[in-house]
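The block underneath contains the structure these notes are about, expressed in structure tokens.
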Ligand code: NI
Ligand code: MN
């Protein structure tokens with residue numbers, strides 16, 4: 025069965041594997057690119073990379089409505105439980121866990137993680153997903169770091185990388201990231217949501233495809249691809 029990957033704009037994705045819905049960084053309310061609302065989106069699990077509002081987003085409301093299990097670092101878990109979220113599975117950087125549908129490992133990310141109310145959100149993370157024999161790396165918010173090469177040694181089928189600049193890697197560093205990771209397919213994210221992260225993803229895709237062996241998929245919000 026193919027894995028379905030749907031972009032909800034910014035860093036938000038729905039990944040469907042064997043009937044399980046994994047929602048990543050569900051920033052829907054206030055996201056001008058979001059093709060679904062927090063009231064209607066479905067989720068069995070919600071993965072939260074860090075505490076910033078454009079990533080934790082609508083997690084509390086969606087988790088309460090759907091009963092989804094939230095996966096994130098320990099500090100964010102404590103905060104979510106205090107907000108009334110029932111099902112939470114804490115992990116931390118470098119640690120992996122086997123869920124019924126696949127494995128999730130938290131990777132490092134060079135960024136911040138304060139929660140919307142100023143609470144301490146621990147360290148930010150990226151996600152390495154092992155589902156249906158495929159490896160997906162969602163870098164979430166990060167600057168370029170050389171250990172991306174270690175992540176690439178896993179043999180990445182799909183890398184989801186920020187290209188927006190200002191808050192994360194920009195196009196030049198994201199291209200260097202592709203050279204370190206050597207994924208088969210790349211999806212650029214975290215651009216054009218706000219004016220300060222305006223980029224041309226098609227121009228970036230042409231650079232990546234001319235300088236590396238990776239293919240680039242520039243997605244439209246709401247679009248689904250199969251892996
Ligand atoms: Ni952030
Ligand atoms: Mn962000």
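In my numbering, the protein residues as written are 25 to 251.
The beta carbon of each residue, even a glycine, is placed where N, CA and C say it ideally should be.
- One thing to note: residue 72 has its Cβ within 8 Å of the Cβ of residue 83.
- In this structure, the straight-line span from the alpha carbon of residue 81 to that of residue 190 is close to 20 Å.
- Between the stretch 196–208 and the stretch 26–46 there are fewer than three C-beta pairs closer than 8 Å, too few to call the two in contact.
- Checking the DSSP bridge columns, you'll see residue 154 partnered with 127 and 159.
- The stretch 120–128 makes contact with the stretch 143–154; the number of CB pairs closer than 8 Å reaches 3 or more.
- Shown here, residue 61 sits in coil according to DSSP, grouped into three states, outside any helix or strand.
- Counting only runs of 3+ residues, the beta strand (DSSP E) found wholly inside the stretch 199–232 occupies 209–213, in chain order.
- Ranked by Cα distance from residue 208, the options 214, 97 and 178 are led by 178.
- The ligand NI never approaches residue 98 closely enough for any of its heavy atoms to be under 7 Å from the residue's Cβ.
- Distance from the Cα of residue 232 is smallest, within the candidate group 212, 247, 134 and 245, for 212.
- Only buried fits residue 38, as 16 or more other CB atoms lie within 10 angstroms of its CB.
- Excluding its 5 nearest sequence neighbours in each direction, residue 107 has C-beta neighbours in its own chain below 7 Å: 84, listed in chain order.
- Residue burial is scored here from C-beta neighbours: residue 161 has at least 16 other C-beta atoms within 10 angstroms and is therefore classed as buried.
- In the three-state reduction of the DSSP assignment, residue 79 falls in the helix class, which pools H, G and I.
- DSSP places residue 51 in the coil class of the three-state scheme, outside both helix and strand.
- In the structure shown, residue 174 adopts helical secondary structure according to DSSP, grouped into three states.
- Per DSSP, residue 102 is one residue of the alpha helix (DSSP H) stretching across 98–106.
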